[in-house]
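Visitor: Provided herewith is a single structure, encoded as structure tokens, for subsequent inquiry.
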Amino acid sequence: MTDGNWNNFTIEHNTPDSIIHLIDSHGDSTGVTAYVYDPFGGVNSGGGTFTPDSQLDLPVSVTSDSYYGHTENFLNRVEPTGGFIFENLELNISYNFEIFSSMMDVSDNREVLYAVIGENEKNTRLDASNNSSNIALIENIYPDSEGKILLSAEPGSNNDNSYGLFYLGAIRITYNPSTLTAKQEVKLLEDTLNIFPVPFDDKLSIVNVPLKSIVCLYSIEGVKILEVQNNLNRQIQLDTSGIHSGIYILRVSNGVFFLKTMKVVKS
């Protein structure tokens, strides 16, 4: 088990079929999901450092374990690359990735090339050999148009291990607050928000809803009937089977100001 509020990927999660709903450093849901889209060779338990530099702010349970891959046959497998996909990210903010890996008591170079790809792409290198203090840092990556960012790992050009062994132990993700003004954010939402069907019946769907936004349905007199906070993905479906036919007010808010207000009709 991993100490603290870390999202612990295990050998069972080394598959595209295993999706994890990520929590933040406080243990709260982020609405972001992640999965291994490119499987690694396996999990190295206890091969990393047990004495990480305190400035890393990483527990031993994080620094001592890692996924590994290899370009040559190792334990009857060859896994020359490995990687994650992160989904449901906010389109209008950029993300920073701090990546740590470690393999102790070795004498060769086990450099890893990490690439992070969204709307833009950057890469960096880190030698995992006897590492207890260094991280690979990639900053200011924007998600693609679907709210996804890909992180891949493979041996770096300086890696001289006979099996081409490389590692990925920990990923810390931070984000940079949106630089959009309130007016720009409203305009962005107006251009992307999709509400259907119109008129609606027992279900009302809203697509491209920013994470952590609040969707409310009011009567024409201003009485709140439904409220949903979007914490899971970019689509919300309101169950409107219990309300009468008529005109209603739909409002999308970020908790501070209304991003969009419009009239909708139930048939």
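With numbering that gives the first Met the number 0 as the guide, the letters of the sequence shown map in order to residues 0 to 266. Note that the Cβ used here is the ideal one computed from N, Cα and C, for glycine as well.
Within 10 angstroms of the Cβ of M102, are there 16 or more other Cβ atoms? Answer buried if so, exposed if not.
Guide: Buried is the call here.
Visitor: By Cβ distance below 8 angstroms, which residues in the same chain neighbour L74 in space, the five residues on each side in sequence not counted?
Guide: G40, G41, listed in sequence order.
Visitor: Output the boundary residues of the alpha helix (DSSP H) element that contains V59.
Guide: First-last of the alpha helix (DSSP H) with V59: 59-62.
Visitor: Just reading off the beta strand (DSSP E) that E118 is part of, what are its end residues?
Guide: Run containing E118: none; DSSP gives neither H nor E here.
Visitor: Which residue marks the beginning of the beta strand (DSSP E) containing E138, and which one marks its end?
Guide: Note, E138: beta strand (DSSP E), 135-140.
Visitor: Let me know the secondary structure DSSP gives H69 once reduced to three states.
Guide: H69: strand per DSSP, three-state reduction.
Visitor: For L249, is the classification buried or exposed, using 16 other Cβ atoms within 10 angstroms of its Cβ as the cut-off for buried?
Guide: That one is buried.
Visitor: Taking the beta carbon of D37 as the centre, do at least 16 other beta carbons fall within 10 Å, making it buried, or is it exposed?
Guide: Classification of D37: buried, given that the 10 Å Cβ count is 16 or more.
Visitor: Please state whether DSSP places L88 in a helix, a strand or coil.
Guide: Note: L88 maps to coil in three-state DSSP.
Visitor: Do S204 and L234 count as a contact pair if the criterion is CB distance below 9 angstroms?
Guide: Before going on, a small fix: residue 234 reads as Gln here, not Leu. For Q234 and S204, yes; Cβs fall inside 9 angstroms.
Visitor: Near M261, what residues of its chain come up, given a Cβ to Cβ distance below 7 angstroms and the 5 sequence neighbours on each side ignored?
Guide: Result list for M261: L249, in chain order.
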